[in-house]
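Here is the structure we will look at, set down as structure tokens.
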Amino acid sequence: MSRRQVVHLIGSLPFIGAASGAKAQVGGFYYSGPPSDHFDGQRFFNPGGEISRGFGDFLRWRLTKSAAPWPEPYPSPFQDTPPVRVGRRDLRVSFAGHASFLIQIAGHNILTDPIWSERASPVPFAGPRRYNPPGISFDQLPRIDAVLISHNHYDHMDVPTLARLWQRDRPRIVAPLGNDAIIRAHDPGIAVTVMDWGDRLSLAPDLQVFAEPAHHWSARATNDRNHALWASFMLRGGGRSVYFGGDTGFGGGRHFQGIAARHAGPDVALLPIGAYEPRWFMAPNHMNPEDAVRAFGILKARSALGYHWGTFRLTDEGADQPPRDLARALQARNIPARRFTAMRPGQVWTA
């Protein structure tokens, strides 16, 4: 194996897990509980969904990949300085980059999958690095009331950022089943509230979060695949609603149909639109823009914001391919482009 191929493998740590300080508990388990329609007593799974590709397929992709070039750097024209709070009936969503949003709803400040680190990796010297800085500087973040973590991949669960937030604000950290063990392994002092699919949690008297399914997988170490759950979230408060899709494949649309049956269409759906090529490998776990537009329609959201593109180079598509593919998908369905925005770091949406 060449040196370049080794570097490519290291660069794919978010897709395969890696040995790190966040060691699994005995036997690699993070969670112990009764079997369910998405937990077999040992591992979590996508009910009725596609099975993720195995390590052999991963090697085939990484050793034969032909990735489009990215500009270096890939700067955003936006930079946000958010307000301390918004009004009780207002909704403001600011994009920091990748899957990190500041959602200001019902007078509360919520962060999703915050990563302010330079790399999405268990080590500081290798792995995917930023092509642009966060669209909100950490020092400009208002006091954070709650943090929603969708799953444990390094580009979504950045423990150094969680530790900084905890030290500064003591936010309520919410994560799917099993992920509390990972965070506590790094810092036993951090309190984490765990949720299963279908759970409802009051973040404040006027703000609720619902844990909903996603079609994905999890791994943080080499021996812990699918030992912690993944999820999406619906936020409702102040007469407003926001859906955060986490990291997900389309999976035939089954989980989106279930969410739509349980919830009225949100004001805005935050949907991933990047890290999707090659499709033969990525389709089970990552939507492409066409999938995201289909999900948007199923959810009956008024607007949508696309993320998971243009910050970390994770897969084969070019940096600007997701917004171009999104424009084509919207045009094919006669959906006005203003209803679904491919967000750049620092860009802001308001209801």
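Residues 83 to 433 (my numbering) are what the sequence shown spells out, left to right. Using N, Cα and C, we set each Cβ at its ideal position, and we do this for glycine too.
Can you tell me where the beta strand (DSSP E) holding Glu294 begins and where it ends?
Here the beta strand (DSSP E) through Glu294 covers 289–294.
Expressed to the nearest angstrom, what Euclidean distance is found between the alpha-carbon atoms of Ala149 and Ala419?
Whole-angstrom Cα-Cα distance: 28 Å.
By the three-class DSSP mapping on this structure, what secondary structure does Phe177 have?
If DSSP states are grouped into helix, strand and coil, Phe177 belongs with the strands.
Nearest-angstrom Cα distance between Trp152 and Ala401?
Answer to the nearest angstrom: the Cα atoms are 6 Å apart.
Bridge partners of Gly388, per DSSP?
DSSP, once it has assigned bridges, lists Leu353, Ala424 as partnering Gly388.
Which term fits Ala303, buried or exposed, when burial requires 16 or more other beta carbons within 10 angstroms of its beta carbon?
With 16 or more other Cβ atoms within 10 Å, it is buried.
For Val430, which residues in the same chain have their Cβ closer than 6 Å to its Cβ, ignoring the five residues on either side in sequence?
Hits under 6 Å: Asp162, Ser176.
Does the distance from the CB of Ala293 to the CB of Ala310 come in under 8 Å?
Against a cut-off of 8 Å, the Cβ pair of Ala310 and Ala293 comes out as no contact.
Curious, which full-length beta strand (DSSP E) runs of at least 3 residues does the segment 299–330 contain?
As far as the segment 299–330 is concerned, its whole beta strand (DSSP E) runs of at least 3 residues are 314–319, 322–326.
Name the one or two DSSP bridge partners that Pro258 has.
Looking at the DSSP assignment, Pro258 forms a beta bridge with Met277.
Inspect the beta-carbon positions of Trp299 and Ile355 and report whether they are closer than 8 Å.
Contact flag unset, no.
Confirm, please, whether the CB-CB distance from Asp195 to Ser158 is below 8 Å.
Result no, Cβ atoms of Ser158 and Asp195 do not sit closer than 8 Å.
By Cβ distance below 8 Å, which residues in the same chain neighbour Leu412 in space, the five residues on each side in sequence not counted?
Same-chain partners within the cutoff: Val375, Pro418, Ala419, Arg421, Phe422.
Hey, how far is the Cα of Met316 from the Cα of Arg282?
Straight-line Cα distance between these residues: approximately 9 Å.
Report the rounded CA-to-CA distance for Pro427 versus Asn214, giving the unit in angstroms.
Rounded to whole angstroms, Pro427 to Asn214 spans 8 Å at the Cα level.
Is Arg201 helix, strand or coil when you go by DSSP?
Strand, per DSSP.
Label Arg415 either buried or exposed according to how many other C-beta atoms from any shown protein chain fall within 10 Å of its C-beta, with 16 as the threshold for buried.
Classification of Arg415: exposed, given that the 10 Å Cβ count is below 16.
In the DSSP assignment, what are the bridge partners of Arg282?
Arg282 is bridged to Phe292.
If you reduce the DSSP assignment to three classes, tell me which class Gly397 lands in.
Inspection of the sequence shows that residue 397 is occupied by Thr rather than by Gly. If DSSP states are grouped into helix, strand and coil, Thr397 belongs with coil.
Among residues of its own chain, excluding the 5 on either side of Arg171, which ones have a beta-carbon nearer than 7 Å to its beta-carbon?
Answer for Arg171: Gly320, Gly321, listed in chain order.
By the DSSP assignment, the alpha helix (DSSP H) with Leu223 in it spans what residues?
Looking at the DSSP string, Leu223 is not in any alpha helix (DSSP H), and its letter there is neither H nor E.
Does the contact criterion of 3 or more C-beta pairs under 8 Å hold for the segment 355–374 versus the segment 114–123?
Because the criterion of three Cβ pairs below 8 Å is not met, the segment 355–374 and the segment 114–123 do not touch.
Pro206 and Asp237: beta carbons closer than 8 Å?
Taking 8 Å as the Cβ cut-off, Pro206 and Asp237 do not qualify as a contacting pair.
Please name the residue or residues paired with Phe332 in a DSSP beta bridge.
For Phe332, which the question treats as bridged, DSSP gives no partner whatsoever.
Among Ala433, Leu381, Tyr112, Tyr358, which has the Cα closest to the Cα of Ala263?
Among Ala433, Leu381, Tyr112, Tyr358, the Cα nearest to that of Ala263 belongs to Tyr112.
One question on the structure: do Ala178 and Gly217 come within less than 8 Å of each other, judged by their Cβ atoms?
Going by C-beta atoms, Ala178 is nearer than 8 Å to Gly217.
Determine the closest residue to Pro287 out of Ala188, Asn308, Leu259, Pro348, with distance taken between C-alpha atoms.
Nearest option by C-alpha distance: Ala188.
If you count every other CB in all the chains shown that lies within 10 Å of the CB of Gly334, and 16 or more means buried, which is it?
Result: exposed.
If you drop the 5 nearest sequence neighbours on each side, which residues of the same chain put their C-beta closer than 8 Å to that of Thr432?
These residues qualify, in order along the chain: Asp172, Leu173, Arg174, Val175.
Going by the DSSP bridge assignment, what does His190 pair with across the sheet?
Ile187, per the DSSP bridge assignment.
Below 8 Å on the Cβ atoms is my guess for Met425 versus Leu396; work out the distance and round it to an integer in Å.
At roughly 17 Å, the Cβ-Cβ gap does not stay under 8 Å, so Met425 and Leu396 are not in contact.
Decide if Pro405 is buried, meaning its Cβ has at least 16 other Cβ atoms within 10 Å, or exposed.
The residue is buried, with at least 16 neighbouring Cβ atoms inside 10 Å.
Applying the 10 Å Cβ sphere with the 16-neighbour rule, what's the burial state of Arg318?
Buried.
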